[in-house]
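First the structure, in the form of C-alpha cells, and then the observations on it.
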C-alpha cells in the first residue's frame, strides 16, 4: 500500500473511532429516558413488557457494527484499541458531569441545579454496571469475530458478524441487568423480561446492520485492493 492510501486508511480509522466513542458516550448520557416500541403488539414476558427500553440502547448497537468493521479491515489490535479509548472517554465524560453537578447555578441560569441533576444525575452503580458489561461484551465480540474469521479464512462474513454480535450482546444485556438487580437498582422480578427485551432488540438491529457491514467491507476491499483475509496495517 502506498503512502497516500495509508494516510486515507488512517483517516477513515480515526473517523470510525470517533463515531464509536461518540455513540458510547452518548448512550451513557441519555440512558435515563425510556421509550416503548411494540413491533409485535403489546407483549409481556415474566410480567415485564417487551420492548420498553432505555433510549441509551439506540446508539449502542452501532458500536458493535463499527468494531466488526474495524476488525475486518484493520485487525484485532486496532479494534481493541478503539474499545479501550471508548472506556477512557466514557470515564472522562462521567467525571466532567460529576464536577459540573458540584458547581452551583446562578440565579438567572436557564437550567437550575435541580433540573440539571435530574437530567444528568449519574448512578455510580448504573455506570459501573454499564462499564463492566461494555468491557466484557466488546472484547468478547472482537475475540469471537476473529476466531471465526480465522476459522473460515475470511469467508462467510455474515456468520462471524452475527455470531459474535449475538453472543456479545447477550453478555452485555445479561451483565447490565444482572448487576443492577444485584445492587438493588432494579427488582429481580424484572430481570428476565428486561434481559429478553434488551437482547431481542439488539438481535433485530444486528440483522439490520449486516447488509451495511457487507456494503462497507466491499467498498474498503475494492478501494484498497484487499483480499478476504487481508487487513490494513497502520503500524509505522
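In this note's numbering, the protein residues as written are 26 to 261.
Yeah, the Cβ is synthetic: ideal placement off N, Cα and C, and Gly gets one too.
Note the first and the last residue of the continuous alpha helix (DSSP H) segment covering residue 12. In the structure as shown, the chain starts at 26 and stops at 261, and residue 12 therefore has no counterpart that could be examined.
Can you name the start and end residues of the alpha helix (DSSP H) that residue 39 belongs to? Start at 1 with the first residue of the chain shown, and residue 39 comes out as number 14. Its alpha helix (DSSP H) spans residues 28-54.
Using a Cβ-Cβ cutoff of less than 7 Å, which residues in the same chain neighbour residue 180 once the five nearest sequence positions on both sides are dropped? Against the chain shown, residue 180 aligns to sequence position 155. If we look at residue 180 and ignore the five residues flanking it on each side, its Cβ neighbours are 253.
In terms of residues, what are the limits of the beta strand (DSSP E) holding residue 77? For the purposes of this step, residue 77 is taken as residue 52 along the chain shown, with counting starting at 1. Counting along the chain, the beta strand (DSSP E) containing residue 77 begins and ends at 77-79.
Select from 137, 198, 138 and 145 the residue whose C-alpha is nearest the C-alpha of residue 216. Start at 1 with the first residue of the chain shown, and residue 216 comes out as number 191. The shortest C-alpha separation from residue 216 is found at 198.
Between which two residues does the beta strand (DSSP E) harbouring residue 60 extend? Within the chain shown, numbered from 1, the residue matching residue 60 stands at position 35. Residues 59-61.
What does the Cβ neighbour count give for residue 99, buried or exposed, with the cut at 16 atoms within 10 Å? Locating residue 99 in the chain shown gives position 74, counting from the first residue. Looking at its Cβ environment, which holds 16 or more other Cβ atoms inside 10 Å, residue 99 is buried.
Using the rule of at least 16 other Cβ atoms within 10 Å of the residue's Cβ for burial, across every protein chain shown, is residue 178 buried or exposed? Against the chain shown, residue 178 aligns to sequence position 153. Residue 178 is exposed by the Cβ-count criterion.
Which word fits residue 97, buried or exposed, when buried means at least 16 other C-beta atoms lie within 10 angstroms of its C-beta? Here residue 97 corresponds to residue number 72 of the chain shown, with the count starting at 1. With 16 or more Cβ atoms within 10 Å of its Cβ, residue 97 is classed as buried.
As assigned by DSSP and simplified to three states, the class of residue 130: Start at 1 with the first residue of the chain shown, and residue 130 comes out as number 105. Residue 130 falls in the coil class under three-state DSSP.
Rank 76, 40 and 46 by C-alpha distance to the C-alpha of residue 230 and give the top, closest one. Within the chain shown, the letter at position 205 stands for residue 230. Out of 76, 40 and 46, 76 has the C-alpha closest to the C-alpha of residue 230.
Distance CB(residue 226)-CB(residue 78) smaller than 8 Å: Numbered from its first residue, the chain shown carries residue 226 at position 201. Numbered from its first residue, the chain shown carries residue 78 at position 53. Going by C-beta atoms, residue 226 is nearer than 8 Å to residue 78.
Roughly how many angstroms separate the alpha carbons of residue 191 and residue 206, rounded to a whole number? If you number the chain shown from 1, residue 191 lands on position 166. If you number the chain shown from 1, residue 206 lands on position 181. The alpha-carbon of residue 191 is positioned some 22 Å away from that of residue 206.
Take residue 213 and list the residues in its own chain whose beta-carbon comes closer than 6 Å to its own, dropping the five residues that flank it on each side. As a first step, residue 213 must be located in the chain shown, where it is residue number 188. Counting only Cβ-Cβ distances below 6 Å, and skipping sequence neighbours, we find 206.
If I measure Cβ to Cβ from residue 130 and keep anything under 8 Å in the same chain, skipping five residues before and after, which residues do I get? By one-based count along the chain shown, residue 130 stands at place 105. Once the five neighbours on either side are set aside, the close Cβ partners of residue 130 are 136, 137, 138 and 141.
Determine contact between the region 163-176 and the region 117-126, defined as no fewer than three beta-carbon pairs at a distance below 8 Å. no
Would you decide whether residue 258 is buried or exposed? Buried here means 16 or more other CB atoms lie within 10 Å of its CB. For the purposes of this step, residue 258 is identified with residue 233 of the chain shown, where counting begins at 1. Exposed.
By the 10 Å Cβ neighbour count, where 16 or more other Cβ atoms means buried, how is residue 93 classified, buried or exposed? For the purposes of this step, residue 93 is taken as residue 68 along the chain shown, with counting starting at 1. With 16 or more Cβ atoms within 10 Å of its Cβ, residue 93 is classed as buried.
Bounding residues of the alpha helix (DSSP H) (the contiguous stretch that carries residue 139): Within the chain shown, numbered from 1, the residue matching residue 139 stands at position 114. Start and end: 138-145.
From what residue to what residue does the alpha helix (DSSP H) around residue 95 run? As a working note, residue 95 is residue 70 in the chain shown. Element bounds for residue 95: 85-99.
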